[in-house]
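Novice:
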Amino acid sequence: MKNVVVLDFGSNSVRLSINQMHERNGKTFFKEIKRLKDTTRLAEGMGESRKKQLSAAAIERTLAAVRHFKDIYQSYPEYQVYAIATAAVREAQNSQIFLEQIKQLTGCAIKVLSGETEAYYDYLGAANSLALKDFLITDMGGGSCELILVKAGAMQERVSLPYGAVSLTERFCHAGQLSAARLFEFQNFISDKLGPLSWLQEANTLPLVLMGGCNRTVARIQRVREGYTQIDNIHGYTVSTGHFFQIYKTFLKKNVVQREHIAGMEPARADIILGGMTPVVYLLQQLHSAGVVFSESGAREGFLYELLQKQEQAKKHIQFENEK
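For the sequence shown, position 30 (counting from the first letter as 1) is numbered 30 according to full-length UniProt numbering, and the numbering increases by one without interruption.
Following this line, the structure appears as structure tokens:
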């Protein structure tokens, strides 16, 4: 198996990752050689009831993206396709229809990750690629948020909450805007959901390791402000809490169209950025964190790491290309 293809079905976007497997000095590495993303908003309009449904339009957008991805990965030699899915697919009552359509199209059965498994993969991805030992992972996806406490390099606690940038935007933001009254409601909602997690206090003053598209957008904007030319090179990039708050306040003051024109902004996220950032701002305030560290290595990379573990049967011989 020379090329490992991973299709990652998120609530906001579907991603294609093509990884080349090679060996060096007796160790096996995965090197990502191709990455593409399509913002398909699979979770759009799912609602908050227990009978969440993937809409026909969202499914078709996602299928169209996969057809395009298939044309690309089929041009690579010796490839094997894997697929993972997160919040939108695991919560939808009609997900089986979608799963069957993807299998028919790709020949690959999607592995639907539980919230705990997604959090575990986030941990594997971050712990094996960042030179940090004590931190709180905050993965703000489109349909869920994973929090993972890491101490001395080991995972201590984890939780997956069924609230993400897309679903929170639909709940609290009107046309992408967050009024003062709605912001107050939003903060109280976050407090109610995070309050029972007493172990979060163990993360007091620790850095937040941020994952998810909205968080990556913040990193790119700050890199533009600091004069970097390579704004996508964000793995391990640190931003102070003060600068994070400044960007948040900028978004609060602007409408969606104005946000789209901010240097470094991904236009497709302009309407959901406040839904994704507000929980992170809350955590930074409550935990008195000095700053954040951005990770490009998350659940998808954690899945690859586990795949290598199973294939090699010896974790000590496995590394990532960007491993510390």
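Backbone N, C-alpha and C fix where the C-beta goes; we use that ideal spot for every residue, glycine too. Model, not experiment: these values are computed from the prediction.
1. Locate the beta strand (DSSP E) running through Ile-231, then write down its first and last residues.
2. Taking the beta strand (DSSP E) that Gly-291 falls in, what are its first and last residues?
3. For Ile-97, report the span of its alpha helix (DSSP H) as first-last.
4. Going by DSSP in three states, Lys-315 sits in which element: helix, strand or coil?
5. Please report the distance separating the alpha-carbon of Ala-290 from that of Met-46.
6. Closest by CA to Tyr-121, which one among Phe-245, Met-211, Val-81, Ile-221?
7. Any idea which residues DSSP pairs Asp-71 with across the strands?
8. For Lys-324, which of helix, strand or coil comes out of DSSP?
9. Locate the alpha helix (DSSP H) running through Asp-271, then write down its first and last residues.
10. Specify the secondary structure class of Ser-55 as computed by DSSP and reduced to three states.
11. When you compare only the Cα positions, how much space is there between Ile-18 and Gly-125?
12. Under 6 Å Cβ to Cβ from Lys-315, same chain only, skipping five residues before and after it: list those, please.
13. Considering only residues of the same chain and omitting the five flanking positions on each side of Pro-279, which have a CB-CB separation below 7 Å?
14. Quick test of the definition: if touching needs 3 or more C-beta pairs under 8 Å, does the stretch 219-235 touch the stretch 147-158?
15. Round the Cβ separation of Gln-87 and Ile-110 to the nearest angstrom and send it over; I've been treating them as touching at under 8 Å.
16. For Leu-284, which option in Lys-253, Gly-227, Thr-205 has the closest C-alpha, if you only look at C-alpha atoms?
17. Pick helix, strand or coil for Asn-12, following the three-state DSSP scheme.
Specialist: Answer, in terms of the structure:
1. Within the sequence shown, the letter at position 231 stands for residue 231. No beta strand (DSSP E) contains Ile-231, which DSSP labels as neither H nor E.
2. Counting from one through the sequence shown, the residue named residue 291 turns up at place 291. Going by DSSP, Gly-291 is part of the beta strand (DSSP E) stretching over 291-294.
3. Position 97 of the sequence shown, counted from the first residue, corresponds to residue 97. Note, Ile-97: alpha helix (DSSP H), 95-106.
4. Numbered from 1 along the sequence shown, position 315 holds the residue referred to as residue 315. Any reading at Lys-315 must be qualified, since the residue scores a pLDDT of 47, below 50, and its modelled position is unreliable; no value is offered.
5. Stepping through the sequence shown from its first residue, residue 290 is reached at position 290. Stepping through the sequence shown from its first residue, residue 46 is reached at position 46. Roughly 36 Å separates the two Cα atoms.
6. Taking the sequence shown and counting its residues from 1, one reaches residue 121 at position 121. Comparing Cα-Cα distances from Tyr-121 to each of Phe-245, Met-211, Val-81, Ile-221, the minimum goes to Met-211.
7. Numbered from its first residue, the sequence shown carries residue 71 at position 71. Beta-bridge analysis with DSSP links Asp-71 to no other residue.
8. Mapped onto the sequence shown, residue 324 falls at position 324. For Lys-324, the predicted structure reports a pLDDT of 46, less than 50, and the residue's modelled location is therefore unreliable. A value from the coordinates is still provided. Of the three classes helix, strand and coil, the one that applies to Lys-324 here is coil, per DSSP.
9. The residue labelled residue 271 in the question sits at position 271 within the sequence shown. Element bounds for Asp-271: n/a, residue is neither H nor E.
10. Numbered from its first residue, the sequence shown carries residue 55 at position 55. Three-state result, Ser-55: coil.
11. Counting from 1 along the sequence shown, the entry for residue 18 is found at position 18. Counting from 1 along the sequence shown, the entry for residue 125 is found at position 125. When only Cα atoms are considered, Ile-18 and Gly-125 end up about 16 Å apart.
12. In the sequence shown, the residue the question calls residue 315 occupies position 315. Residue placement at Lys-315 is poorly supported in this model, since its pLDDT is 47, which falls under 50; the coordinates still yield a value, given next. In the same chain as Lys-315, and ignoring 5 residues on each side of it, the C-beta atoms closer than 6 Å to its own belong to Gln-309, in chain order.
13. The residue given as residue 279 occupies position 279 in the sequence shown. If you ignore the 5 residues before and after Pro-279, its C-beta comes within less than 7 Å of the C-beta of Met-140, Cys-145, Ile-190, all in its own chain and listed in chain order.
14. With the cut-off at 8 Å, the stretch 219-235 and the stretch 147-158 do not touch.
15. Working through the sequence shown from its first residue, we reach residue 87 at position 87. Working through the sequence shown from its first residue, we reach residue 110 at position 110. Reading the sequence as shown, one finds Ala at residue 87 and not Gln. Their Cβ separation, rounded to whole angstroms, is 13 Å, which puts Ala-87 and Ile-110 out of contact at 8 Å.
16. In the sequence shown, counting from the first residue as 1, residue 284 sits at position 284. Selected option, being the one with the closest Cα: Thr-205.
17. Counted from its first residue, the sequence shown places residue 12 at position 12. Correct three-state label for Asn-12: coil.
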